[in-house]
Every structure is written in C-alpha cells, then in structure tokens.
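Undergrad: So for the sequence shown, the working numbering puts the first residue at 1; every next one is plus one.
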Amino acid sequence: MRAEICVWPIVAVVLGGGIVRADDEELSRIPPDYVQLAVRLADAKTSLPAAIVAAERRINGQARSAETRLENGRLEAVITVVAPDVTAEVTVDLAKGDMGAPAAQSDAPLLAALAAAEQAGGGKAIRATPDADHADQIVVEVVAAQARKELTIHVPGGKVVASRELSLVRFPGAAVSGEPIETASGLMYYDLEAGQGPSPVNLNDKVKVHYTTWLMNGKELDSSYKQGPAVFLPLNQFIPGWMEGLRTMKAGGRRKLIVPAALAHGPKAHGAIPAGAMLLFDVHLLDVSEARPQTQPAPGASGLPTVQPTSRPAMPGAKKPSGG
1 MRAEICVWPI
11 VAVVLGGGIV
21 RADDEELSRI
31 PPDYVQLAVR
41 LADAKTSLPA
51 AIVAAERRIN
61 GQARSAETRL
71 ENGRLEAVIT
81 VVAPDVTAEV
91 TVDLAKGDMG
101 APAAQSDAPL
111 LAALAAAEQA
121 GGGKAIRATP
131 DADHADQIVV
141 EVVAAQARKE
151 LTIHVPGGKV
161 VASRELSLVR
171 FPGAAVSGEP
181 IETASGLMYY
191 DLEAGQGPSP
201 VNLNDKVKVH
211 YTTWLMNGKE
221 LDSSYKQGPA
231 VFLPLNQFIP
241 GWMEGLRTMK
251 AGGRRKLIVP
261 AALAHGPKAH
271 GAIPAGAMLL
281 FDVHLLDVSE
291 ARPQTQPAPG
301 ASGLPTVQPT
311 SRPAMPGAKK
321 PSGG
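See below:
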C-alpha cells in the first residue's frame with residue numbers, strides 16, 4: 001500500500017513492506033553539495049528537530065530516522081515515522097514557514113540524539129539513523145561550512161560514544177562543482193576535459209578507455225589504471241549508461257559519469273555492486289576505432305537498442321554476462 005497525505009508544507013507517504021534501510025537508499029542517489037547544504041540550513045526557517053516534531057504529530061507516531069536533502073533546489077527533511085498501524089515517510093519543506101522549536105526537554109530518542117550531536121559536532125544535523133548493531137545508539141551526521149562529522153550517540157543520555165571526520169567533497173575522483181548535466185534517460189555527467197578526436201558513432205565502434213568506478217558512498221570498486229592496459233571493446237559491450245555517455249564524447253576527452261541503476265546493473269546485485277546501486281565513473285576516452293561500414297548504425301536520440309550480454313568476464317562498466 002502506498003498513499004499520499006499532503007498538508008502544506010508536509011507530505012507524508014505511507015510505506016509498504018517495512019522501513020527502507022538508509023544505507024541502501026544512500027547507494028541509489030547522488031549525495032548533496034555539503035557546503036551548499038550547510039549554507040541553506042543556516043538560513044532555513046524550520047530546523048530538522050522542529051520538522052521531526054511536526055512529522056510525529058502528523059502521523060501520531062515516533063520518528064525512526066531523519067535526513068535533510070537538496071532536491072532540485074528545494075531544502076527538505078525526509079522523516080520516517082513509525083506508528084502502531086503504519087510506517088510513513090514524511091517530507092517537510094524546511095524553507096516554508098516556521099513550525100516552532102521542539103520542547104527543550106524531549107524523551108524522543110531521535111531528538112535527544114540530534115541535540116547531543118549538534119552540540120558536540122558544532123554544526124547542523126543532516127541525517128540520523130539507528131545504529132544497525134546497537135539498538136540503544138543513533139548515528140548522526142552533522143555538517144558545517146568547514147566540517148562534516150559522523151557521531152554515534154547513546155540514548156537515552158545523549159553521550160557521544162564514537163566520532164569521525166567525514167569529507168566535504170561530494171564525489172570521489174576528479175574534482176567538480178555545481179550540478180551535473182542530466183539527460184532524458186536519467187544519466188548524469190560532468191565534462192572534465194573536452195576531446196578533439198572522433199566520437200563513437202556506431203554501437204560496434206571500438207573504444208579504448210581508462211576508468212575508475214565507485215559506489216555513491218565513495219567506495220572504490222574497480223580501476224583499469226591499477227589493472228594494467230586500458231580497456232578496448234566495442235561500445236555495445238558496455239552497460240547502457242556507458243553506451244549513452246561515451247557516444248557524446250570525443251577521443252581524448254574525460255568525463256565523470258553518474259549512472260543510475262536502470263542504466264547499470266538494475267535491481268539485482270552484481271558481484272561487488274549492491275542491488276539497485278547507482279555507479280560513479282571517471283572515464284578517459286583514449287581512442288575510437290570505427291567499425292566496418294556493414295555494421296549496424298547507432299539509433300538516433302529516441303533510444304538505444306537492447307544488446308545481448310556476452311560471455312566475457314564482467315566489470316563495472318560492462319554488461320552482465322548471460323546466466324550471471
């Protein structure tokens with residue numbers, strides 16, 4: 001069951017099938033610009049704790065997790081609230097209207113953890129989730145203009161039991177700024193360096209590439225630089241996100257590709273790649289070898305054809321082998 005309850009500036013969505021784990025969701029979307037997020041939070045009319053109180057009152061339940069997001073320029077809090085007969089995901093627009101501050105003394109574990117983390121971390125809380133291994137601990141992420149920290153809070157009591165510094169860098173690999181270009185398919189990219197050579201026109205054109213692959217949490221999965229020679233394969237041997245992303249590059253160019261699961265390996269796990277994971281690639285297109293004239297030309301902007309998987313070994317930028 002999935003039903004929407006809209007009360008400005010709150011939108012609540014009833015979730016079916018239990019609570020979505022925050023770490024799984026983290027791998028399926030791009031992280032925010034943390035510096036920009038800190039600036040926006042400093043000017044927000046509603047704080048995350050106040051949004052949590054409003055969400056709990058709306059659903060008549062207790063908040064289990066909370067997170068602030070920048071979605072298309074909107075500053076929002078997304079709060080999972082658990083009630084006896086429903087679990088709901090509540091979205092609160094933090095820029096619209098002051099909902100008032102929560103009570104100074106609160107028995108709610110999430111609010112207590114937020115207060116302790118913000119005091120110890122010297123910034124604004126942007127995420128709070130239960131510790132998967134300790135039922136009496138909540139992990140809170142705090143961001144400021146010059147720092148980002150993760151603090152583990154024991155509740156009740158509000159004692160900081162662990163703390164670590166996190167990077168303010170949004171994406172690993174080559175540095176970028178601003179928002180990525182997004183295509184109609186959902187592929188996102190940053191051009192790092194323009195190439196001067198040819199582009200792969202046909203799906204059977206061979207491309208020579210170096211690449212590094214990461215998950216959206218910054219974990220490196222694979223790198224051709226560390227394995228030896230560059231990869232040299234026909235364009236149609238790669239995942240759809242690469243086929244689309246490489247076709248608009250010129251040889252010699254470099255690009256950061258942000259590939260949603262639908263254009264990568266889909267809803268199933270694939271080796272070290274978790275199910276439904278969005279993938280990040282830094283790609284250097286070294287050379288393009290044009291296919292013979294009798295090969296099938298690439299389609300126009302209407303879409304890419306379905307390509308049958310091959311039996312060669314898999315890699316993050318390649319299509320999944322048949323039967324795998």
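Ideal placement from N, C-alpha and C gives every residue a C-beta, glycine not left out.
With 16 as the cutoff for other CB atoms within 10 Å, does V161 come out buried or exposed?
TA: The residue is exposed, with fewer than 16 neighbouring Cβ atoms inside 10 Å.
Undergrad: Let me know the secondary structure DSSP gives V39 once reduced to three states.
TA: Residue state, collapsed to three classes: helix.
Undergrad: With distances taken Cα to Cα, identify the nearest neighbour of A135 among L192, V155, L37 and S167.
TA: A135 has its Cα closest to that of V155, out of L192, V155, L37 and S167.
Undergrad: Taking just the CA atoms, how far does S47 sit from Y211?
TA: Y211 and S47: Cα-Cα distance of roughly 41 Å.
Undergrad: In terms of DSSP beta bridges, what is K208 paired with?
TA: BP columns for K208 point to F232 and D287.
Undergrad: Look up L257 in the DSSP assignment and say whether it is helix, strand or coil.
TA: In the structure shown, L257 sits in a strand (DSSP, three-state: E or B).
Undergrad: Would you identify the three-state DSSP class for R247, choosing helix, strand or coil?
TA: The answer is helix: DSSP assigns R247 an H, G or I state.
Undergrad: So, G241 versus L263, is the Cβ gap smaller than 8 Å?
TA: Cβ atoms of G241 and L263: closer than 8 Å.
Undergrad: Can you tell me the Cα-Cα spacing of P274 and K268, whole angstroms?
TA: Rounded to the nearest angstrom, the two C-alpha atoms are 7 Å apart.
Undergrad: Mapping the DSSP letters down to three states, classify K226 as helix, strand or coil.
TA: Three-state result, K226: helix.
Undergrad: What did DSSP end up calling V53 once you bin it into helix, strand or coil?
TA: In this structure, V53 counts as helix in the three-state DSSP scheme.
Undergrad: When you compare the stretch 234 to 252 with the stretch 180 to 195, are there three or more beta-carbon pairs, one atom per stretch, that lie closer than 8 Å?
TA: In short, these stretches touch, since the Cβ pair count reaches three.
Undergrad: Could you tell me whether the stretch 73 to 89 touches the stretch 111 to 122, using the rule of 3 or more Cβ pairs below 8 Å?
TA: No: fewer than three Cβ pairs fall under 8 Å.
Undergrad: Buried or exposed: where does V207 fall if 16 or more other Cβ atoms within 10 Å of its Cβ makes it buried?
TA: The residue is buried, with at least 16 neighbouring Cβ atoms inside 10 Å.
Undergrad: Where R170 and A50 are concerned, what is the direct C-alpha to C-alpha distance, given to the nearest angstrom?
TA: C-alpha separation (whole angstroms): 27 Å.
Undergrad: Tell me whether D222 is buried or exposed, calling it buried when 16 or more other Cβ atoms sit within 10 Å of its Cβ.
TA: D222 should be labelled buried.
Undergrad: Within this structure, are the beta carbons of I239 and P180 separated by less than 8 Å?
TA: Contact: no.
Undergrad: Is the shortest distance between the beta-carbon of K96 and the beta-carbons of chain B less than 8 Å?
TA: The chain inventory of the structure shown lacks chain B, comprising one protein chain alone.
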